[in-house]
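In my numbering, the protein residues as written are -2 to 225.
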């Protein structure tokens, strides 16, 4: 019976949703930034698969439904830009320049570290788009010869780090401008960071939402020039 249940296409989907619900409640209850729902959900899913010896293929049967939704979710990001068009028009150059610099710095840091550590081209190409949202990052990695699984893991880690450290760095460097704070979060930690920016403030969330979209476009254009 257990095998039949885990073989169901709905098993992976249900497990992910339950773990996400628990992670969100846990984060709200503790109030600790380190218990980011994405991180906690990932740990819970991995732990359950390991403890009960459930093959990854069975989990992916249902989890592939979530992966399938990444494409439409990415296309829907254009709606964020449309809704915030007034703010974008008001802060056009700060947004564009901030996103351009943020994307370039992220890519150049990966290129530099991979060169110093003598990493191979597959690793480099997989990590280049780590600071943009998953669907865009995976497409960029696949187009440049990277590994989509490694890229997805790097994107999640980057997003969780951004969500945890963004408030800390804002306080440390005395960043009080909500526009600058929102752009910085969205440019470096995509959708996961944007969820945190929305908690910080409405304007920060709006600017972060715009930044993650603009950075996705910019990174799609320039990543190929730095790939090996």
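The beta-carbon is built from N, C-alpha and C at its ideal position, and this holds for glycine as well.
Quick check on residue i: buried or exposed, where buried means 16 or more other Cβ atoms within 10 Å of its Cβ?
{"i": "residue 178", "result": "buried"}
{"i": "residue 163", "result": "buried"}
{"i": "residue 201", "result": "buried"}
{"i": "residue 102", "result": "exposed"}
{"i": "residue 213", "result": "buried"}
{"i": "residue 152", "result": "buried"}
{"i": "residue 100", "result": "buried"}
{"i": "residue 1", "result": "exposed"}
{"i": "residue 5", "result": "exposed"}
{"i": "residue 191", "result": "buried"}
{"i": "residue 69", "result": "exposed"}
{"i": "residue 85", "result": "buried"}
{"i": "residue 26", "result": "exposed"}
{"i": "residue 65", "result": "exposed"}
{"i": "residue 172", "result": "exposed"}
{"i": "residue 129", "result": "buried"}
{"i": "residue 44", "result": "exposed"}
Determine the extent of the alpha helix (DSSP H) in which residue i is found, giving its start and end residues.
{"i": "residue 201", "result": "199 to 223"}
{"i": "residue 86", "result": "82 to 87"}
{"i": "residue 39", "result": "34 to 48"}
{"i": "residue 115", "result": "Taken as a continuous stretch (DSSP letters only), residue 115 belongs to no alpha helix (DSSP H), as it is neither H nor E."}
{"i": "residue 63", "result": "53 to 65"}
{"i": "residue 15", "result": "6 to 27"}
{"i": "residue 142", "result": "Where residue 142 is concerned, there is no enclosing alpha helix (DSSP H), given that its DSSP letter is neither H nor E."}
Is the Cβ-Cβ distance between residue i and residue j less than 8 angstroms?
{"i": "residue 155", "j": "residue 186", "result": "yes"}
{"i": "residue 257", "j": "residue 60", "result": "Examination of residue 257 is not possible in this model, given that the chain is present from -2 through 225 alone."}
{"i": "residue 122", "j": "residue 225", "result": "yes"}
{"i": "residue 160", "j": "residue 189", "result": "yes"}
{"i": "residue 35", "j": "residue 16", "result": "no"}
{"i": "residue 49", "j": "residue 37", "result": "no"}
{"i": "residue 157", "j": "residue 33", "result": "yes"}
{"i": "residue 82", "j": "residue 8", "result": "no"}
{"i": "residue 119", "j": "residue 140", "result": "no"}
{"i": "residue 53", "j": "residue 46", "result": "yes"}
{"i": "residue 62", "j": "residue 10", "result": "yes"}
{"i": "residue 176", "j": "residue 88", "result": "yes"}
Under the assumption that residue i contacts residue j (Cβ atoms under 8 angstroms), give the Cβ distance between them as a whole number of angstroms.
{"i": "residue 125", "j": "residue 137", "result": "7 angstroms"}
May I ask you to verify whether the region 136 to 147 touches the region 165 to 182, counting CB pairs closer than 8 angstroms and requiring at least 3? no
If you pair each beta-carbon of the region 102 to 113 with each one of the region 163 to 172, do three or more pairs fall below 8 angstroms? no
Is the region 208 to 222 in contact with the region 94 to 101, if contact means three or more CB pairs nearer than 8 angstroms? Flag = yes, the region 208 to 222 and the region 94 to 101 touch.
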